Amino acid sequence: MAHSLSNVLADTYLLYLKTQNFHWNVQGNLFYGIHNLLEEQYKELAAAVDDIAEQIRVLGLPAPGSFREFMNLSSLSEAKGSYDAEEMIAELAEDHLTLAAAATKLLQQAERNNDISSVEILSGRISCHEKQSWMLKSILR
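Each residue of the sequence shown is one higher than the one before, counting from 1333 in this note's numbering.
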């Protein structure tokens, strides 16, 4: 379980960095709203990173903590080049769904193992990622 949570941690950290990057660099007519929404989201992701890392420690493994480790463990891609606001929003929305799907698979494993603490963390992550994706997609409509 701790090894799989390390993948979730890496994905969450990479999404945190990408969200903060887009928060800094978004431009356009919807700048203010997107800028503020992304700030809320990256702050939430930062708290999630801490919770997931601490759960890995509870399960007896060291939590990964370097950029190299995160890149090796993550299924997400880094933001490369410049994006317009719509591209930023679409990519973040998709990344949130990717993380929700990964957490759902891991949740089933945690339930089979009776790992209640991991179940609680993963359930919260699924709800959060689904909501964040919905909020981002709503901007594009």
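Built from N, CA and C at the ideal position, the CB exists for glycine as well.
The structure displayed is predicted, hence computed values, not measured ones.
May I have the straight-line CA-CA distance separating residue i from residue j, to the nearest angstrom?
{"i": "residue 1365", "j": "residue 1440", "result": "36 Å"}
{"i": "residue 1381", "j": "residue 1415", "result": "25 Å"}
{"i": "residue 1343", "j": "residue 1399", "result": "11 Å"}
{"i": "residue 1387", "j": "residue 1473", "result": "37 Å"}
{"i": "residue 1397", "j": "residue 1403", "result": "11 Å"}
{"i": "residue 1373", "j": "residue 1467", "result": "10 Å"}
{"i": "residue 1418", "j": "residue 1376", "result": "22 Å"}
{"i": "residue 1360", "j": "residue 1426", "result": "21 Å"}
{"i": "residue 1413", "j": "residue 1393", "result": "35 Å"}
{"i": "residue 1401", "j": "residue 1395", "result": "10 Å"}
{"i": "residue 1384", "j": "residue 1348", "result": "13 Å"}
{"i": "residue 1337", "j": "residue 1420", "result": "26 Å"}
{"i": "residue 1357", "j": "residue 1446", "result": "43 Å"}
{"i": "residue 1443", "j": "residue 1367", "result": "37 Å"}
{"i": "residue 1362", "j": "residue 1411", "result": "20 Å"}
Under 8 Å by Cβ, that's how I've got residue i and residue j pegged, so tell me the actual separation to the nearest angstrom.
{"i": "residue 1435", "j": "residue 1461", "result": "7 Å"}
{"i": "residue 1333", "j": "residue 1450", "result": "6 Å"}
Please list, in chain order, all residues of the same chain as residue i whose beta carbon is under 6 Å from its beta carbon, the five residues on each side excluded.
{"i": "residue 1370", "result": "1351, 1354 and 1355"}
{"i": "residue 1431", "result": "1343 and 1461"}
{"i": "residue 1428", "result": "1461, 1464 and 1465"}
Would residue i be called buried (16 or more neighbouring beta carbons within 10 Å of its own) or exposed?
{"i": "residue 1335", "result": "exposed"}
{"i": "residue 1448", "result": "exposed"}
{"i": "residue 1390", "result": "exposed"}
{"i": "residue 1470", "result": "exposed"}
{"i": "residue 1379", "result": "exposed"}
{"i": "residue 1464", "result": "buried"}
Given residue i, which residues of its chain have a CB within under 8 Å of its CB, disregarding the five upstream and five downstream residues?
{"i": "residue 1406", "result": "1339, 1342, 1343, 1345 and 1346"}
{"i": "residue 1458", "result": "1432, 1435, 1436 and 1439"}
Just to check, is the beta-carbon of residue i closer than 6 Å to a non-hydrogen atom of the ligand MG?
{"i": "residue 1439", "result": "As for the ligand MG, it is missing from this structure, which has no ligand bound."}
Can you confirm whether residue i, when its beta carbon is compared against all beta carbons of chain B, has any partner nearer than 7 Å?
{"i": "residue 1377", "result": "Going by chain labels, chain B is absent from the structure shown, which holds only one protein chain."}
Which residues in the same chain have their Cβ closer than 7 Å to the Cβ of residue i, if we skip the five residues on either side of it in sequence?
{"i": "residue 1453", "result": "1383, 1384 and 1387"}
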